[in-house]
């Protein structure tokens, strides 16, 4: 099935840099012999990879995705000690909706990649609002960075292609995966 193959291809594009950065962090921690953080990083990466390899399906439950995001943020906090603050807000219980795996992480990763500044760090907010009356869930990811110029956002949200002059693959990739699963209703 073409859309299933395309979803798998899009998922594989998501984060090769993350893997390389994580290995580099372990190397740096080993150089200073910080065994406690090496152990924590190894456990977090184990959980992270378990999620990546286990979720071969096109969708995961929102609660699973949020757990994955928390693991991802724990790894990032090891990379940037004291520089990353995250506020995660959601109603209990987490709505049992299915979303593409690594959807929220894609935007969190973009925040860290484009908004993080070594001198002031980054404040990140993730809010999940369950609008039960309209059968809708709103996922908001906000950061303390300057944001993308409107031209880039317009291109990313209107383009059918993940290639283009702006090369912001994460946003277009997420939009395409949502379109393949929800047929433009997401």
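Numbering (my numbering), first residue to last: 4 to 189.
We put the beta carbon where it would ideally sit given N, CA and C, even for glycine.
For residue i, is the classification buried or exposed, using 16 other Cβ atoms within 10 angstroms of its Cβ as the cut-off for buried?
| i | result |
| --- | --- |
| residue 68 | buried |
| residue 74 | buried |
| residue 137 | exposed |
| residue 23 | exposed |
| residue 149 | exposed |
| residue 165 | For residue 165, the predicted structure reports a pLDDT of 45, less than 50, and the residue's modelled location is therefore unreliable. The matter cannot be settled from this model. |
| residue 119 | buried |
| residue 168 | Note that residue 168 scores 49 on pLDDT, short of 50, meaning its location in the model is unreliable and no value can be drawn from it. |
| residue 176 | buried |
| residue 110 | buried |
How long is the line joining the alpha carbons of residue i and residue j, rounded to whole angstroms?
| i | j | result |
| --- | --- | --- |
| residue 1 | residue 134 | Examination of residue 1 is not possible in this model, given that the chain is present from 4 through 189 alone. |
| residue 174 | residue 40 | 32 angstroms |
| residue 185 | residue 144 | 20 angstroms |
| residue 88 | residue 43 | 18 angstroms |
| residue 29 | residue 112 | 19 angstroms |
| residue 47 | residue 96 | 24 angstroms |
| residue 127 | residue 114 | 8 angstroms |
| residue 90 | residue 132 | 14 angstroms |
| residue 27 | residue 105 | 22 angstroms |
| residue 157 | residue 35 | 45 angstroms |
| residue 82 | residue 125 | 13 angstroms |
| residue 79 | residue 154 | 29 angstroms |
| residue 129 | residue 92 | 6 angstroms |
| residue 50 | residue 179 | 27 angstroms |
Have a look at the options and flag the residue whose alpha-carbon is nearest the alpha-carbon of residue i.
| i | options | result |
| --- | --- | --- |
| residue 60 | 30, 117 and 102 | 102 |
| residue 142 | 189, 34 and 80 | 189 |
| residue 123 | 91, 132, 147 and 74 | 147 |
| residue 152 | 117, 33 and 77 | 117 |
| residue 65 | 34, 94, 29 and 182 | 94 |
| residue 72 | 85, 38, 125 and 55 | 55 |
| residue 121 | 150, 110 and 85 | 85 |
| residue 76 | 62, 178 and 25 | 25 |
| residue 99 | 63, 130 and 92 | 63 |
Name the DSSP beta bridge partners of residue i, please?
| i | result |
| --- | --- |
| residue 120 | 124 |
| residue 55 | None; residue 55 has no bridge partner. |
| residue 134 | 139 |
| residue 89 | 127 |
| residue 145 | 128 |
| residue 70 | Residue 70 is not bridged to any residue. |
| residue 112 | Partner(s): none; residue 112 has no beta bridge. |
| residue 64 | 101 |
Does any C-beta atom of chain C lie closer than 7 angstroms to the C-beta of residue i?
| i | result |
| --- | --- |
| residue 182 | Here there is only one protein chain, and chain C is not present. |
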